[in-house]
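See structure below.
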Amino acid sequence: MENKMIYTLPMFSSLLSELPQITFSGTNICINLKGYDYDDIYSEVELIFQEVHYFSKANALFSVDTIEAYDKVLEIFNSSIILQLMEANRHLFEEINKLQELKHYSLYLDGYDGYNIVCKSIEIKEL
Numbered sequence: 008m009e010n011k012m013i014y015t016l017p018m019f020s021s022l023l024s025e026l027p028q029i030t031f032s033g034t035n036i037c038i039n040l041k042g043y044d045y046d047d048i049y050s051e052v053e054l055i056f057q058e059v060h061y062f063s064k065a066n067a068l069f070s071v072d073t074i075e076a077y078d079k080v081l082e083i084f085n086s087s088i089i090l091q092l093m094e095a096n097r098h099l100f101e102e103i104n105k106l107q108e109l110k111h112y113s114l115y116l117d118g119y120d121g122y123n124i125v126c127k128s129i130e131i132k133e134l
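In terms of the working numbering, the sequence shown is residues 8 to 134.
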């Protein structure tokens, strides 16, 4: 099964007006992005990952595995990260998955970082 594109950023990560802002609040992680598209139209986006169980951030130069997620939020199917979490503690993993299945999302921001997040859901707010 192919990965699924969830959201395309309205701006180019190469044209962000400031560094991505990452906020941790309880089990949620919020990534705020502000920047421009090629028509010089300004946008702000808030990506809220809810009930996060795994988060990784790697320098863009070391994020070749997330390049498919360039300026996009992708849902990753057949995720090796989810498989690793399941193998680490199968009982806990099954309990977490009972109500709502964990999902693996990926985001790549040019010149910044690649992100991998395993969580219950994502909320996207265009500000």
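Note that CB positions come from ideal geometry on N, CA and C, so glycine has one too.
- Residue state for M12 is assigned as strand, using DSSP reduced to three classes.
- Excluding the 5 residues flanking it on each side, M12 has same chain C-beta neighbours closer than 7 angstroms at K79 and L81, in chain order.
- Partner residues in the beta bridge of A65, as assigned by DSSP, are G121.
- Looking at the backbone, the Cα of K132 and that of Y77 are separated by about 19 angstroms.
- Listed in chain order, the alpha helix (DSSP H) runs fully inside the stretch 89–115 are 97–104, counting runs of at least 4 residues.
- The beta carbons of L116 and S20 sit closer together than 8 angstroms.
- Under DSSP, the beta-bridge partners assigned to I129 are F56.
- H98 is classed as exposed because its beta carbon has fewer than 16 other beta carbons within 10 Å across all chains shown.
- Secondary structure of S21 (DSSP, three-state): helix.
- Annotation: the continuous beta strand (DSSP E) that includes Y43 extends over N35 to Y43.
- Using a Cβ distance threshold of 8 angstroms, I74 and H111 do not count as a contacting pair.
- Contact between Y122 and S113 holds, with the beta-carbon distance rounding to 7 angstroms and staying under 8 angstroms.
- Residue pairing for L81: DSSP places it in a beta bridge opposite M12 and S113.
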